[in-house]
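I have placed the structure first, in the form of structure tokens, so that the comments after it can refer back to it.
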Amino acid sequence: APVKVSKICCIGAGYVGGPTCAVVALRCPHIQVTIVDLNKARIDAWNSPNFELPIYEPGLEEVVRQARGRNLFFSTDVDKAIREADLIFVSVNTPTKKSGVGAGFAADLNYVESATRRIAAVATTNKIVVEKSTVPCRTAESMRTILEANSKPGTRFDILSNPEFLAEGTAIADLFKPDRVLIGSLQTQEGKDACQSLAEVYANWVPRERILTVGLWSSELSKLAANAMLAQRISSVNALSAICEATGANIDEVAHAVGFDSRIGPKFLRASVGFGGSCFQKDILNLVYLSESLHLPQVAEYWRQVVEMNEYQKRRFSKTVVDTLFNTITGKHIAVLGFAFKADTGDTRESASISLIRDFLQEKAYVTIYDPKVEEAQIWLDLSEALPTWPLETIKKHVSIVHSALEACTQKEAIVIATEWKEFKEIDWQAVYDGMSKPAFVFDGRMILNADELQKIGFTVKVIGRGD
Ligand code: NAD
Ligand code: UGA
2 APVKVSKICC
12 IGAGYVGGPT
22 CAVVALRCPH
32 IQVTIVDLNK
42 ARIDAWNSPN
52 FELPIYEPGL
62 EEVVRQARGR
72 NLFFSTDVDK
82 AIREADLIFV
92 SVNTPTKKSG
102 VGAGFAADLN
112 YVESATRRIA
122 AVATTNKIVV
132 EKSTVPCRTA
142 ESMRTILEAN
152 SKPGTRFDIL
162 SNPEFLAEGT
172 AIADLFKPDR
182 VLIGSLQTQE
192 GKDACQSLAE
202 VYANWVPRER
212 ILTVGLWSSE
222 LSKLAANAML
232 AQRISSVNAL
242 SAICEATGAN
252 IDEVAHAVGF
262 DSRIGPKFLR
272 ASVGFGGSCF
282 QKDILNLVYL
292 SESLHLPQVA
302 EYWRQVVEMN
312 EYQKRRFSKT
322 VVDTLFNTIT
332 GKHIAVLGFA
342 FKADTGDTRE
352 SASISLIRDF
362 LQEKAYVTIY
372 DPKVEEAQIW
382 LDLSEALPTW
392 PLETIKKHVS
402 IVHSALEACT
412 QKEAIVIATE
422 WKEFKEIDWQ
432 AVYDGMSKPA
442 FVFDGRMILN
452 ADELQKIGFT
462 VKVIGRGD
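Each residue of the sequence shown is one higher than the one before, counting from 2 in full-length UniProt numbering.
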């Protein structure tokens, strides 16, 4: 029969583990939730007395304030939390492999495996082990093999797949009211019981009809499929944005008209400088690798194109900047507004901003960056990684980081909008224009500005997906 869950452990206190299990704790006051991580600095930040949490997410602080110390705990004592729990979420990172077999495509499962081995090593009672990280198909099977090969006599492990669909910037809202919760299990009685136990946890706040239960492999593949299809919509609209720029059509109007078809729908059709974030590219490359491993080269090629279109879009945008500034930006001063991969997050992983700035620096321009949430140290780290042959001092000679949009824009030749932060809409553009070298250029990579008004002020404006 299904076990009633009373203690949960979450391994990995990152963007997913932190918010997800904080919401579980908030919505299930009768369950004790302990989130553990090997990274002490991260755990210290989660425990910080003034709630200086390690990640920025609207509404997160409020959730942690209510639950922390009540039934929500953050700790580096991984073993203790594993030992006490009846259900364990594995929510560690699964980045793209940088070397070895499948380098550049396959997921690095090293962290999942060490967490799994830790569970096997310390567990003395039955555990439901839930794969929360995004993983290639059939990872649950490897986890089961490792757990069973190392379990103590009389200790049972049931493995579930429960992928997370939250988006950064709206994580708390997404967790409070998910479109669906997906749980995959083996179709044995034990598997179905474990599935039921986890479903009961979510049923504390998620309507039953939104809790979908499927087979393990379907669940794992659905996660990759959802991200691939979301990213595919963006690449489709970005491909069309290039046609718009060449013809005088307007991608905003095209996307609106197309999205009005109820079979297509309006969401995720915003043209941009290219999608970023830690998952879209990683998960599609994962799907490409899976397809290739299964000897399905045409399928692999199909999905690879979604990532290639995104690379093209980023390159195309930086080329527009160079072309428009009379074919050279050497020695010119460019303000880049936004460094995060989307608004309402401080996360910069795979941000299009990084590629743009790298291109500008390679053209020997000077770049001034402003982002409301990204830490300065993170920017230096990302730029150093993007330009591995440049010493940090050289980068620092060409880049400054400032603390307001207005300060960034003062006396520049061009302004580039890379992230759709709301505050960029509210800039005093007349004041900016007055302080700029002429002709003054604005490149809107997010379609958030009122181009007509800017043109009236005197700016030359280039908007992604607009031909005029
Ligand atoms: P993250 O890097 O922010 O967090 C992972 C954490 O796991 C790190 O703090 C790391 O120190 C810790 N960790 C690694 N190995 C450990 C171990 N053996 N024991 C204890 N702690 C360990 O990553 P994330 O963004 O939270 O993503 C986690 C997973 O969720 C990934 O598979 C990702 O694809 C998936 N995912 C992410 C998002 C998102 O929006 N970021 C959304 C859905 C799914
Ligand atoms: C995405 C998915 O939306 C989540 O469902 C999923 O759980 C998550 O990946 C994951 O697996 O990590 P996230 O990357 O946090 O979430 O944010 P999105 O809102 O999807 O945005 C991703 C990128 O696409 C951003 O750079 C965003 O600016 C860009 N985007 C999004 C567009 O360019 N156009 C759009 O219409 C929408």
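By construction, the Cβ of each residue, glycine as well, lies at the ideal position given by its N, Cα and C atoms.
On a predicted model such as this, the values are computed, not experimentally measured, just so you know.
### Neighbourhood of residue 29 by C-beta, 7 angstroms cutoff - its chain only, sequence neighbours within 5 removed
202, 205
### Task
List the DSSP bridge partners of residue 10.
35, 89
### Message
Which residue marks the beginning of the beta strand (DSSP E) containing residue 42, and which one marks its end?
### Response
Careful: residue 42 lies outside any beta strand (DSSP E), inside the alpha helix (DSSP H) at 41-47.
### Message
Extract the residue ranges of the beta strand (DSSP E) inside the stretch 73-147, only unbroken runs of 3 or more that lie entirely within it.
### Response
73-76, 88-91, 128-132
### Task
Tell me where the alpha helix (DSSP H) around residue 185 begins and ends.
Note, residue 185: premise wrong, no alpha helix (DSSP H); beta strand (DSSP E) at 182-186.
### Message
Helix, strand or coil, according to DSSP, for residue 335 in the structure here?
### Response
strand
### Query
Can residue 384 and residue 400 be called in contact, C-beta distance under 8 angstroms?
yes
### Query
Counting along the chain, where does the beta strand (DSSP E) carrying residue 171 start and finish?
Element bounds for residue 171: n/a, residue is neither H nor E.
#### Entry: residue 502 - containing beta strand (DSSP E), residue span
Beyond the ends of the chain as shown, which are 2 and 469, falls residue 502; an answer cannot be given.
### Query
From what residue to what residue does the alpha helix (DSSP H) around residue 468 run?
Unbroken run through residue 468: none, as it is neither H nor E.
#### Entry: Rounded straight-line distance, which links the Cα of residue 463 to that of residue 325
9 angstroms
### Task
Could you tell me the distance, in whole angstroms, from the CA atom of residue 403 to the CA atom of residue 128?
49 angstroms
### Task
List the residues that DSSP assigns as beta-bridge partners of residue 57.
For residue 57, which the question treats as bridged, DSSP gives no partner whatsoever.
### Message
Taking the alpha-carbon of residue 407 as reference, which of 420, 434, 398 has the nearest alpha-carbon?
### Response
434
### Message
Tell me which residue opens and which closes the beta strand (DSSP E) that residue 213 is part of.
### Response
212-216
#### Entry: Which of helix, strand or coil DSSP assigns to residue 317
helix
### Task
Using only the heavy atoms of the ligand FAD, determine whether one of them is closer than 7 angstroms to the beta carbon of residue 139.
This structure lacks the ligand FAD; the ligands present are the ligand NAD and the ligand UGA.
#### Entry: residue 24 beta carbon less than 8 angstroms from that of residue 166
no
### Query
Quick one, are the C-beta atoms of residue 9 and residue 22 less than 8 angstroms apart?
yes
### Task
Please confirm whether any heavy atom of the ligand UGA lies closer than 7 angstroms to the CB of residue 271.
yes
### Query
Say the cut is 7 angstroms; is the CB of residue 1 nearer than that to a heavy atom of the ligand NAD?
The structure shown does not extend to residue 1, since the chain is modelled only from 2 to 469, so the question has no answer here.
### Message
Please determine whether the Cβ atom of residue 147 lies at a distance below 7 angstroms from any heavy atom of the ligand UGA.
### Response
no
#### Entry: Segment contact flag, the stretch 182-191 with the stretch 215-234, C-beta cutoff 8 angstroms, min 3 pairs
yes
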